[in-house]
Every structure is written in structure tokens, then in C-alpha cells.
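Residue numbers (the numbering used here): 7 to 460.
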């Protein structure tokens, strides 16, 4: 079999997010976000210091230059620009991100920017968060400020990171008695409208921008070929994946998902022009994050939900119990391109593990190299099938705070010396073995990824 070549200008990159990387939670006028006010799981790091990227980005970007990164995907902290979510812009916040862009330019690294990554300003959350339609205008005003201020330095924009993952979290909270399914659906509808308004504004005022959604999208398998399991898998796929991409790309609600909401009396309240706004926005590409596929089985009639996610018995798993499915990565790309007919950019893909320095101080992470190699290999096969993939970003560029596991769960290509206590460690950076491996991949434009890792 002849393997396809990666495009000459393929964006080999890596990712972070503001609340997990920057720290400096109250520096230079930044207001609190919901991540700053949340209580982290017992024994895990909070988001006050994180990897101290706010102060250490020049050091990190120099390493990115040594790595050969062609792109860096990061998010802008909404409450660093608008401390209360609305009002007068914080000039110090704009200056910080301008300095970040200037530092990236030194190394010829293309920025890929996320406008919203799980860090709603706490002041807006107190007013009802995304379930309050006022948040639509607040987000659009914030996004317009970013687009206008940084154009044309930034071409690639993601509107909202993993909206479907946020919805899953809100759904779990609702099932536990905190809110209702109606609240979840309403919040997501308002996000759809807000993102659509931003996409349309970008196209009208900054035509060079390539903007789109950034959901976490995966292939969904039935546990068995039993028809009930297959039906459950299609329902889960509609609610977990298709709902979010269908609205933002096709401009309509997924029929299976909409019927599900109707059954529970949870369809969203809409303004008369909401669906016209959504249908009028046309993303330029589909950004998406991928870590693993999901497998579901049917529940018994009368259960709260018609499906339950289960472990796939045919797959290996990470130290944290996530399925590892490189072939599913290609399956997902096939499904996405066939359904939405847009170029694809992967903005998160990586493996979280318990990384520990060896006696000589180096971090040996062959498990991560295997994971990355096998996924890049499947991506290469997908490109050979004619799927237009234009970029790939490893999660994460450096170790940062995992939302639920703190620094116990590390994803980075670069090790950060610190523990769960903000006072522990030196914050020194050490490239892991995977750093050197990825540097070779980038230098050869992926030509050395020719088979599954052995």
C-alpha cells in the first residue's frame, strides 16, 4: 500500500487552554471565571497557578520553536479581557495576548485561537450563565473585540470548545438534581445562537478568518449487534455528536435529538429569528477534538435514559480507563467529512498518564509515543482516502492542570515540575521523550509514520 503524503503546509501543532495553562488568575485586572470559583476535587490542584504560562510563555515558546511547531492552539480567557464578562475592555488583557502573538511570530508559529474554553466569567454565571439569553450578547461583544483587535494576525478561530462535553457535564448535574434537562438544552441553544452570530460577523468584517465550531466528536459503537444496542447507539450518537455539528454546520436541529427533547418536555425557548441566525452562519471548517471512541448498550424500558456508555471489550485502555482506538479516529474522520463536507482540523488528541521523571531526570513516555504514532498513522490513511485534514494538535503542549485530576494526569510533551500543591516544585520545564519523537515527525512532515507502533 502506498501511503499518502501530508500536505506541504500541514499544521503540526499542540494545544493548551487559558484556565489550565496560564495561572495568574487575578493578575493585571483579570476577573474570576467559573473555573476560579469552583472547588477542585479533593487533593488536586486548583487553577490559581497552573503551569504559570502567563509568566513563562517566552520560555515555553522557545521550546515550541525547538520542537518545530507550525501551529499552537490556545484559548483567550474571556474574563482577562472583560473581568465581569461585559463592560469596558481590560487593556492589560489585550496587551498580554498581543505579546503572546508577537512571541509566536518569532518562531513562525501559526496561532489557532479558541474564543471560549469552559471558563465563563463568574459574574455571568451568577446571572444564569448560558441559560440566560443576555450571555449571547455578552459573548458576541467579547468575540467582536477579539476579532477586531487581532485581525489579521489570527486567521484560525474556534468559537466554542467542546460544547457537547459541557452539555454532558450539565446533564450529569441535572440527573443529580442540579437543574433540569430543559436548562441544559436552553443553555446549549443559546450557545448555538451566540456562535452563529460570531461566525457571521467574522465573515462580514474579516473575510480572511477561517472560523468554526470545536466539538469533541467520536464514532459510537453498539456493544453488540443486538438491535436494541444498535438503536441505543444511534440515539447516543445523535445526542452526543450529531446534535452539535448539525446545528452549527447544517443549520438545523438533529431530528433524533429534537424528538428526544420533545419526549422530556425540554425543547428550548427560541426568539423568532434564532434559527435563521443559525442557518445563516456557515463555518469554514470543522475543528474537532478526539481521544477515544464510545460504546453503548441499551437500557431497560423505563430507565431514565435509553443508553449506558460501557467499556469496549476489544480495546486497550489508558491508565485512567479511557478506550484507545486509533482506527476509530479514522472512522470518525470518514463520518465527519461524509456528513458535513468541510475540511477538518484536529485541535486536541493525546494521552493522559502518570508521568514521572527517571533517576536521570528524563521522562520516558513510550505509551504516549505509541498512542500518537498510531493516531497519526490513521490520519495519514484518512488523507489518502481523500479526506482534507489540514492540521493536527497534540493535547497538550506542556503539562497543565487536568480539569478533574489536577497534575496527577499529565498530557504534555514537556514536563512541568510541580505537584498538586501550588507551592510544590520549581515549575522547571523538561522535554519528554515524546517531544523528541514529535520533533522528528514534524521535521519529516509525517513521512516517518509508516505503520502502527511496535
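Glycine included, every Cβ here is placed at the ideal spot set by N, Cα and C.
All values reported here derive from a predicted model rather than from experimental measurement.
- Query: Taking Cβ to Cβ, would you say residue 329 is nearer than 8 angstroms to residue 299?
  - Reply: yes
- Hey, could you find the ends of the beta strand (DSSP E) residue 220 is sitting in? 216-220
- Task: Give a yes or no on whether the C-beta atoms belonging to residue 277 and residue 263 are separated by under 8 angstroms.
- Result: no
- Contact check, residue 20 vs residue 382 under 8 angstroms by CB: the rounded distance? Between residue 382 and residue 20 the Cβ distance is about 13 angstroms, and since that is not below 8 angstroms, they are no contact.
- May I have the straight-line CA-CA distance separating residue 84 from residue 93, to the nearest angstrom? 12 angstroms
- Query: Which value, in whole angstroms, describes the spacing of the CA atoms of residue 403 and residue 437?
  - Reply: 10 angstroms
- Query: In this structure, does DSSP put residue 260 in helix, strand or coil?
  - Reply: coil
- Task: Return helix, strand or coil for residue 410, following the three-state DSSP convention.
- Result: coil
- Task: Apply the 10 Å Cβ neighbour rule to residue 36 and answer buried if 16 or more other Cβ atoms are within range, or exposed otherwise.
- Result: buried
- Query: Where do the ends of the alpha helix (DSSP H) carrying residue 351 lie?
  - Reply: Not the alpha helix (DSSP H): residue 351 falls in the beta strand (DSSP E), residues 350-354.
- Is the segment 414-432 close to the segment 354-372, with three or more CB pairs under 8 angstroms? yes
- Message: Assuming the contact rule is C-beta atoms closer than 8 angstroms, residue 57 and residue 27 should be a hit. Round their C-beta distance to whole Å, please.
- Response: 5 angstroms
- Which residues in the same chain have their Cβ closer than 8 angstroms to the Cβ of residue 95, if we skip the five residues on either side of it in sequence? 87, 88, 151
- Determine, using beta-carbon pairs with one atom in the segment 433-453 and one in the segment 364-381, whether at least three such pairs fall under 8 angstroms. yes
- Query: So the beta strand (DSSP E) residue 162 belongs to, where does it begin and stop?
  - Reply: 162-167
- Straight-line CA distance for residue 208 to residue 143? 15 angstroms
- Task: Any chance you could list the beta strand (DSSP E) runs of at least 3 consecutive residues sitting entirely within the segment 220-286, in chain order?
- Result: 226-228
- Message: Measuring only the C-alpha atoms, how far is residue 343 from residue 350?
- Response: 8 angstroms
- Message: Which residues does DSSP list as the beta-bridge partners of residue 323?
- Response: 329
- Task: Kindly list the residues whose CB is nearer than 7 angstroms to the CB of residue 2, restricted to its own chain and excluding five residues on each side of it in sequence; keep chain order.
- Result: Any property of residue 2 remains undetermined from this structure, which presents the chain solely from 7 to 460.
- Message: Here's the rule I'm using: 16 or more other beta-carbon atoms within 10 Å means buried, otherwise exposed. How should residue 127 be labelled?
- Response: buried
- Item | Assigned secondary structure, residue 416 (DSSP; H/G/I helix, E/B strand, else coil) | strand
- Message: Based on DSSP bridge pairs, tell me the residues matched to residue 98.
- Response: Paired residues: none, contrary to the question.
- Between the CA atoms of residue 334 and residue 388 - distance to the nearest angstrom: 11 angstroms
- Item | As assigned by DSSP and simplified to three states, the class of residue 153 | helix
- Going by the CB atoms, is the gap between residue 205 and residue 289 shorter than 8 angstroms? yes
- Task: Count the other CB atoms, across all protein chains shown, that sit within 10 Å of the CB of residue 233; report buried if there are 16 or more and exposed otherwise.
- Result: exposed
- Bounding residues of the alpha helix (DSSP H) (the contiguous stretch that carries residue 382): 372-390
- Query: At which residue ranges does the segment 37-67 contain complete beta strand (DSSP E) runs of 3 or more residues, listed in the order of the chain?
  - Reply: none
- Message: On the DSSP bridge list, what partners appear for residue 398?
- Response: 18, 352
- Query: What number of angstroms, rounded off, separates the C-alpha of residue 33 from the C-alpha of residue 177?
  - Reply: 33 angstroms
- Query: Where does residue 295 sit, in a helix, a strand or coil, going by DSSP?
  - Reply: strand
- Hey, would you say residue 224 sits closer than 8 angstroms to residue 338, going by beta carbons? yes
- Task: Would you mind sorting residue 105 into buried or exposed? The rule is 16 or more other CB atoms within 10 Å of its CB.
- Result: exposed
- Query: Would DSSP call residue 121 helix, strand or coil?
  - Reply: strand
- Query: Out of 451, 457, 424, 448, which has the shortest C-alpha to C-alpha gap to residue 50?
  - Reply: 424
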